[in-house]
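Student: I'd like to ask some things about the structure below.
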Amino acid sequence: MAILIDQNTKVIIQGITGANAALHTKFMLEYGTKIVGGVTPGKGGLKVEGVPVYDTVEQCLKEHPDATVSSVWVPARFAKEAILEAIDAGIKTVVVITEKIPIHDMLYVRAKAKERGVVVIGGNTPGLISPGKCLVGMLPRIAFQSGRIGTVARSGAVTYYIANSLNLAGLGESTSVGLGGDPILGSNFEDILKLFEQDPETDAVVMAGEIGGVYEEIAAAYIKQIKKPVIAYIAGKSAPQGKRLGHAGAIIEGNMGTAQSKIEALKNNGAIIAQTLGEIPRLVKRAIEGNS
Amino acid sequence: MLFKRNKIPVPDGVVVDKDSFSELDKVVYPVVIKAQVFLGGRGKSGFIQFANNRSEAVEKVNELIGKKYGPYLIEKVLIERKIDIQEEFYIAALIDRIEHKPLLMVSNEGGIDIEEVARKSPEKIKKYYFNPGEKIFEYQAKIISGEVKFQGELFSELANVIFNLYNLFINFDCKLVEINPLGITKDRKVVALDAKVDLDEDAMFRHPELKEMGIVARNEIGELTEREKRAKAAGIPYADVDPEGDIGVFPGGAGFGIAALDLITHYGGRPANFMDSGGAPTQEKLKSMLGLLMDNPKVKVIFGARFGGISRCDDWARAVVQYVIENKPQKPMIMRMAGNMEEEGRKIFEKAKNEHPELFKNIKVYAYDTPIEDVIQETVRVAKGIQ
């Protein structure tokens, strides 16, 4: 099962002719992801890594009506159009790798997607992976192995380190989702937590947030309703306050954005708090054993 | 300037810095003198002053320029004609990140205590949500103006301010446009006495007109240190974390950059800095990143980590190797490299080590099977001189 993507998922790549998109198309194909088509306006008829390229998503889906997932790699100024095009053409899950998408664009896209029941992941996401089944994005395959732990994180490398440490401890992932680092995201923690809660192949969920924004606090209220154990880690306890740390999302704003406020909100609602990344596998093991 | 162009009335005024006192001849006294900084609460902290004539103005301007407000050095002041105000309102358009919608807030109890109003009697601040991407209609502005009990001739004037402010917010990709206070003069005119505009830097590509007006999106909070300024010039998100920190942190992206600080601190080390390579950094950028750390005299050891996703291990390895060969650094580097193009990256390191064994004797690059915690603990031991 896993969530969002599995061995039967058919994927298209928007912006496939870009250098990064083409390289990662190769990696995804090597992993076994079923990429059926690519889209770059004006480049229809070409092939990238053997994948046929179309001018529009609509044309692509006419040839490949079973594609349900699109991964968007276009430059930020075209991202809004690309995502709306995918939604309009009937794509069900849009994985937005593009970073630094204007905030008002993303608000609009998000509202449209919710209205149509489409899942948008990102922008600025490393993608997602159901190990051994399907990889959409640019996550390094070596970091993941198949298992029964769901993971969801804001940052790419944190996603990799968590999976890596779970694997070294003999655990594995059902699906790992990178939410993305942009300030307004298509999906929040609770959107993904809901999917993991319903997935029969997931026993526990690791969520990793970071300072800035309000998504962790919003998720906290939902965690109360979840039956599966949630192990939460928040990066940034030792970060200097009032300094912007790279991600547009990591601006410390008001009381809600601090590591302390996030940790307290999560803890008060029943999440198990990991103080460091390295502590996660031990807490996961204890939680699963306690739960079974 | 942005307000005038968007038909929001502002008082007549001039901007004065230490070289342009002649501007003080152009204003009608008495005047208000406002320090130009990007922080609220100026009124309460004495950073808004009054002057009845030119000589008083010169004295007050001299007092303000060069002073610090929070982290900001005051370099300019805004001099405006003093206007007698009868009432103060509050109007703001912003993005509500919980509802994921634009929000318009209006109150007829504006002024320096607006935050207290929000805390004690939130019902006095009226909130109106808009659908993303939708413009405001004039009738909507009128409804809001009426509900906030703006009456008589003010009704239309305020509806216009609301309408123009929301359009400005949408048309220029703002995160926030706030007028506080919006003053009502004795002769029942409205005027924006103080305002803040926060632009979305990621949307500036579609607003070349702002650049022409000399307006840029500000993306840093706090005053920059020399090293931070140097990093900024090189396009690297960087922050000094601990002036006595002896571990230079050379991570990948921002998320792990933040987590690395926690890990080093957890194991008893002192990280010197935060840094973010961004996605798929160039060789030049990676080399500048290393240079920043090597040049910091407090830094004894570099902790490096690359989990290759979109940023490839081979590019990272090539940049590190080139930096070492060109600069022959003495400081040890303890690093871990895993992920996309790891094998290629490892070959690059091995080749360099064979060709320059002396240069690379203090450089360790661990692989996937060594937990990151072990690498960090070794770095902390090296920083403390424990072998």
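Residue numbers (this note's numbering), protein chains in the order written: chain A, 1 to 292; chain B, 1001 to 1387.
Ideal placement from N, C-alpha and C gives every residue a C-beta, glycine not left out.
Since the structure is predicted, the reported quantities are computational estimates derived from the model, not experimental observations.
Taking only beta carbons into account, state which residues of the region 1133-1161 of chain B come closer than 8 Å to chain A, listed in chain order.
Tutor: Listed by position, the residues of the region 1133-1161 of chain B near chain A (Cβ gap below 8 Å) are GLY1133.
Student: Measure the alpha-carbon distance for B/LYS1068 versus B/ILE1079 and round it to whole angstroms.
Tutor: If I take the Cα positions, the gap works out to 18 Å.
Student: Please specify which runs of the alpha helix (DSSP H), each continuous and at least 4 residues long, are wholly inside the region 11-38 of chain A, giving them in chain order.
Tutor: Counting whole runs of 4 or more residues, the region 11-38 of chain A contains the alpha helix (DSSP H) stretches 19-31.
Student: Report the CB separation of A/LYS92 from A/THR68 in whole angstroms; it is logged as a contact under 8 Å.
Tutor: About 4 Å separates the two Cβ atoms, so the contact holds.
Student: What number of angstroms, rounded off, separates the C-alpha of B/ILE1143 from the C-alpha of B/LEU1158?
Tutor: Each residue's alpha carbon lies about 11 Å from the other.
Student: Do B/ARG1336 and B/THR1370 have their C-beta atoms closer together than 8 Å?
Tutor: Taking 8 Å as the Cβ cut-off, B/ARG1336 and B/THR1370 qualify as a contacting pair.
Student: Does the separation of the CB atoms of A/ILE83 and A/ILE184 fall below 8 Å?
Tutor: Going by C-beta atoms, A/ILE83 is not nearer than 8 Å to A/ILE184.
Student: For B/GLY1392, decide whether its Cβ has a neighbour in chain A, counting only Cβ atoms nearer than 8 Å.
Tutor: Outside the shown range of chain B, which is 1001 to 1387, sits residue 1392 of chain B, and nothing can be said about it.
Student: Should B/VAL1015 go down as buried or exposed, given a rule of 16 or more other Cβ atoms within 10 Å for buried?
Tutor: With fewer than 16 other Cβ atoms within 10 Å, it is exposed.
Student: Excluding sequence positions up to five away, which residues of its chain have a Cβ less than 6 Å from the Cβ of A/GLY147?
Tutor: Closer than 6 Å at the Cβ level, and outside the excluded window around A/GLY147, lie LEU171, GLY172, GLU173.
Student: Examine chain A for any beta-carbon lying closer than 8 Å to the beta-carbon of B/TYR1368, and answer yes or no.
Tutor: Yes, because at least one Cβ of chain A sits closer than 8 Å to the Cβ of B/TYR1368.
Student: Suppose contacts are defined by Cβ-Cβ distances below 8 Å. Is A/LEU303 in contact with A/THR175 by that definition?
Tutor: The first residue shown for chain A is 1 and the last is 292, placing residue 303 of chain A beyond what the model contains.
Student: Between B/HIS1356 and chain A, is there a C-beta pair that is closer than 8 Å?
Tutor: B/HIS1356 does not count as touching chain A.
Student: For the beta strand (DSSP E) holding A/ILE330, just list the boundary residues, first then last.
Tutor: Any question about residue 330 of chain A goes unanswered here, given that chain A covers just 1 to 292.
Student: Should A/SER165 be flagged as near chain B, meaning a C-beta pair shorter than 8 Å?
Tutor: Interface residue, yes.
Student: So if I threshold CB-CB distances at 7 Å, which residues from the region 1311-1340 of chain B count as touching chain C?
Tutor: In the structure shown, chain C does not exist; the protein chains are A and B.
Student: Measuring only between beta-carbons, confirm whether A/SER220 sits less than 8 Å from chain B.
Tutor: The sequence shown places Ala at residue 220 of chain A, rather than the Ser named in the question. No, its Cβ sits nowhere closer than 8 Å to a Cβ of chain B.
Student: Sort A/LEU166, A/LYS114, A/GLY156 by Cα distance to B/ILE1310 and report the nearest one.
Tutor: For B/ILE1310, the nearest C-alpha among the options comes from A/GLY156.
Student: Residues in the same chain with beta-carbon distance under 8 Å from A/GLU217, minus the five sequence neighbours each way, listed in chain order, please.
Tutor: Only MET256, SER261, LYS262, ALA265 meet the Cβ criterion.
Student: Enumerated in chain order, which unbroken segments of the beta strand (DSSP E) with a length of 3 residues or greater are wholly contained in the region 167-203 of chain A?
Tutor: Counting whole runs of 3 or more residues, the region 167-203 of chain A contains the beta strand (DSSP E) stretches 173-178.
Student: Taking only beta-carbon positions, decide if B/GLU1378 is within less than 8 Å of chain A.
Tutor: It does not; no Cβ of chain A falls within 8 Å.
Student: Secondary structure at A/VAL284, three-state DSSP: helix, strand or coil?
Tutor: A/VAL284: helix per DSSP, three-state reduction.
Student: State yes or no: is the C-beta of B/LYS1331 within less than 8 Å of the C-beta of B/VAL1375?
Tutor: Cβ atoms of B/LYS1331 and B/VAL1375: not closer than 8 Å.
Student: Any Cβ of chain B within less than 8 Å of the Cβ of A/PRO131?
Tutor: Taking Cβ atoms only, chain B never reaches closer than 8 Å to A/PRO131, which makes this a no.
Student: Rounded to the nearest angstrom, what separates B/ASP1084 and B/LYS1120 at their Cα positions?
Tutor: Looking at the two C-alpha atoms, the distance is approximately 28 Å.
Student: Tell me the residue span of the beta strand (DSSP E) that contains B/MET1335.
Tutor: Note, B/MET1335: beta strand (DSSP E), 1333-1339.
Student: Inspect the beta-carbon positions of A/THR56 and A/VAL39 and report whether they are closer than 8 Å.
Tutor: Yes; because the gap between Cβ atoms is below 8 Å, this pair is in contact.
Student: Identify the contact partners of A/GLY18 in chain B, using a Cβ-Cβ distance below 8 Å as the criterion.
Tutor: None at all; the shortest Cβ gap to chain B is about 11 Å.
Student: So what does B/GLN1036 bridge to, in DSSP terms?
Tutor: Answer by DSSP bridge pairing: none, since B/GLN1036 is not bridged.
Student: Might you give, ordered along the chain, the residues of its own chain that have their beta carbon closer than 7 Å to the beta carbon of B/PHE1413, omitting 5 neighbours on each side?
Tutor: This structure leaves residue 1413 of chain B out entirely; chain B is present only between 1001 and 1387.
Student: Nearest-angstrom Cα distance between A/ILE13 and A/ARG110?
Tutor: Those two C-alpha atoms are separated by around 20 Å.
Student: Which term fits B/ASP1173, buried or exposed, when burial requires 16 or more other beta carbons within 10 angstroms of its beta carbon?
Tutor: With 16 or more other Cβ atoms within 10 Å, it is buried.
Student: I want to verify the contact list: residues of chain A whose CB lies under 7 Å from the CB of B/GLY1253, in sequence order.
Tutor: Going along chain A in sequence order, the residues near B/GLY1253 (Cβ under 7 Å) are SER155, GLY156, ALA157.
Student: Whose Cβ in chain A lies nearer than 8 Å to the Cβ of B/ILE1372?
Tutor: What B/ILE1372 touches in chain A: TYR161, ASN164, SER165, LEU277, GLY278.
Student: What does A/ALA153 pair with, by DSSP beta-bridge criteria?
Tutor: Partner(s): A/GLY178, A/ALA208.
Student: Below 9 Å between beta carbons is the criterion; list the residues of the region 90-111 of chain A that meet it against any residue of chain B, in chain order.
Tutor: Result list: ILE97, GLU99, LYS100, ILE101, PRO102, ILE103, HIS104, ASP105, MET106, LEU107, TYR108, VAL109, ARG110, ALA111.
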